[in-house]
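Residue numbers (the numbering used here): 674 to 900.
The C-beta atom is built at its ideal place from N, Cα and C for all residues, glycine as well.
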Amino acid sequence: MTSNQSKEIDNIEMKSCLLLFVAAVIAREVVGHGMMLEPPNRSSMWRFEEFSGILPHYYDDGGNCGGLTVYKSLGMKCGLCGDAWSDPRPRDNENTGKYGSGLVVRTYQAGSVIETQINITVNHKGTFTYSLCVLPNPNAPEPGEECFQTLTFEDGSSIYNIQDQTEGTRFHVNNRVKLPPGLTCDRCVLRWHYRVANNWGQCDDGTSALGCGDQEIFRSCADIAIV
674 MTSNQSKEID NIEMKSCLLL FVAAVIAREV VGHGMMLEPP NRSSMWRFEE
724 FSGILPHYYD DGGNCGGLTV YKSLGMKCGL CGDAWSDPRP RDNENTGKYG
774 SGLVVRTYQA GSVIETQINI TVNHKGTFTY SLCVLPNPNA PEPGEECFQT
824 LTFEDGSSIY NIQDQTEGTR FHVNNRVKLP PGLTCDRCVL RWHYRVANNW
874 GQCDDGTSAL GCGDQEIFRS CADIAIV
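Next up, the structure:
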């Protein structure tokens, strides 16, 4: 092998390594999409000084049910708080799981309208919903989907659409969510559910469009009390 051939091989190897590095960076960018920061969700508590010492989760914007491929392979089932459905219980983001410390992050008044804040790190448009689970056993995971009661926004709607929220890719969304009147709890789980709308699929009327069909799901859960 000549010296020139050897240099060419070295250059190819260096370029290949660079491409792999760039691909890894890009892959990380598209993994993260969003999380609930107010109230602080279980995976994001470490970001707040008031919860110093909490186990950090550096990919706390990636609670996407394991990704769309995994989500579809499991029959469109998602962990209650954004983990893959196939993960053993308690899943990492469920009560008593890896990040489910049980620490109450906020206390609210029954029937009040609360402020939430969502941090979107990659904008795939779509819709938000919120739900609430009164934990029947604070020392066990949430029992199932049946525990989560759909909440409404201050205007009475139950779905928030971010289709035209912004042209940017990173931004905050502030919502005003109404808690049920007369409902109190020492330990409740507030859940944010985000259905993106960036995949092309078949709509209910038989046509095809962006945002129809199977879409990626993101979830965040926060421990709250209602008095």
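Coarse secondary structure for residue i, derived from DSSP in three states
{"i": "residue 892", "result": "strand"}
{"i": "residue 696", "result": "Any answer about residue 696 is weak, because its pLDDT of 39 lies below 50 and its placement is not dependable; what the coordinates show is given next. Residue 696 falls in the helix class under three-state DSSP."}
{"i": "residue 882", "result": "strand"}
{"i": "residue 898", "result": "strand"}
{"i": "residue 887", "result": "coil"}
CB contact flag (residue i, residue j, <8 Å)
{"i": "residue 866", "j": "residue 801", "result": "yes"}
{"i": "residue 736", "j": "residue 755", "result": "yes"}
{"i": "residue 714", "j": "residue 895", "result": "yes"}
{"i": "residue 901", "j": "residue 889", "result": "Because residue 901 is not part of the residues shown, which for the chain are 674 to 900, the question remains open."}
{"i": "residue 835", "j": "residue 886", "result": "no"}
{"i": "residue 711", "j": "residue 789", "result": "yes"}
{"i": "residue 707", "j": "residue 791", "result": "yes"}
{"i": "residue 857", "j": "residue 795", "result": "no"}
{"i": "residue 855", "j": "residue 784", "result": "yes"}
{"i": "residue 823", "j": "residue 804", "result": "yes"}
{"i": "residue 753", "j": "residue 818", "result": "yes"}
{"i": "residue 821", "j": "residue 860", "result": "no"}
{"i": "residue 778", "j": "residue 718", "result": "yes"}
Cβ of residue i within 8 Å of any chain C Cβ
{"i": "residue 768", "result": "Of the chains in the structure shown, none is chain C; there is only one protein chain."}
(message) At 3 residues or longer, what runs of the beta strand (DSSP E) sit wholly inside the stretch 784-867?
(response) 786-793, 800-807, 821-823, 844-851
(request) Kindly provide the ranges of any beta strand (DSSP E) runs that are 3 or more residues long and lie completely inside the stretch 703-782, ordered along the chain. (result) 707-711, 779-781
(message) With three or more C-beta pairs closer than 8 Å as the rule, is the stretch 806-820 touching the stretch 866-882?
(response) Segments in contact, no.
(message) I want to know whether the stretch 763-777 touches the stretch 845-854 - three or more CB-CB distances under 8 Å.
(response) no
(message) Is it the case that the stretch 774-785 contacts the stretch 740-759, given that we only count it when at least three CB pairs across the two stretches are under 8 Å?
(response) no
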